[in-house]
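Read the structure below first, then the notes.
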Amino acid sequence: MPVKVRYKQKKLIFNSQKNGIMDSSKTTNLLKLGVGLVAIILITACQQRAVLSDAKNNESSSLYSKWQLIELNGSAVEVAAGLKTPVITIEKAGRISGNASCNNFFGSFETDGSFRLKFSKMGSTMMACNDMSLEREFLQKLEVVDNFTLRGDTLSLNKARMAPLPRLVRVR
6 MPVKVRYKQK
16 KLIFNSQKNG
26 IMDSSKTTNL
36 LKLGVGLVAI
46 ILITACQQRA
56 VLSDAKNNES
66 SSLYSKWQLI
76 ELNGSAVEVA
86 AGLKTPVITI
96 EKAGRISGNA
106 SCNNFFGSFE
116 TDGSFRLKFS
126 KMGSTMMACN
136 DMSLEREFLQ
146 KLEVVDNFTL
156 RGDTLSLNKA
166 RMAPLPRLVR
176 VR
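Right under this line is the structure:
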């Protein structure tokens, strides 16, 4: 389709046999507007996806650490004399290990890269200690955890939308 370009009253005029005459200033303005809108939409969409992706990756990657129990079922943890404060180490390889106050424990976990978390294949040593109530309760809570919340250096392990079961702080 042949197109003739000519100037008329300081305006660029396109003349094609099929479309007739078009004013280039209006066409150019519409084209600029359209390109601008598409660019804004693409930039906004990409930034939003990047922010969500970074948040998920940062949350799950900072999950991999050693954590010390500070609260269980909303109450501060009190460790009986001669026992240790429970700790759990969460590794990138999908393994967990720790001490539940008397016995060491181990297992594996799964996470989908977001805030879902499920512990499985749990086992422990079987030493007897004077007061094992904290250990028993802590290990039982780990078995039902299905998600987590991470705020700074505080990790809350949760079941559904209930209050946090155990709450832990990062060990540095």
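Take 6 as the starting number for the sequence shown in the working numbering and just add one per residue. Glycine residues also receive a C-beta, built at the ideal position from the N, C-alpha and C atoms. As the structure is a computational prediction, the values presented were derived from the model and not from experiment.
Secondary structure note for V92: its beta strand (DSSP E) is the uninterrupted segment 92-95. Assignment of N163 by DSSP, reduced to helix, strand and coil, places it in the strand class.
Within the model, the alpha-carbon separation for M127 versus F110 is close to 7 Å.
Contact between the stretch 80-92 and the stretch 129-143 is present, with at least three C-beta pairs closer than 8 Å.
Residue state for E115 is assigned as strand, using DSSP reduced to three classes. By the Cβ neighbour-count rule, S67 is exposed, with fewer than 16 other Cβ atoms within 10 Å of its own.
Cα atoms of K37 and S70: separation of roughly 51 Å, rounded to the nearest angstrom. With respect to F114, S125 sits close: the two C-beta atoms are nearer than 8 Å. Sequence-distant partners of D158 (beyond 5 residues in either direction) whose C-beta falls short of 7 Å from its own C-beta, in its chain, are V174, R175. Residue pairing of T154 in beta bridges, as defined by DSSP: S161.
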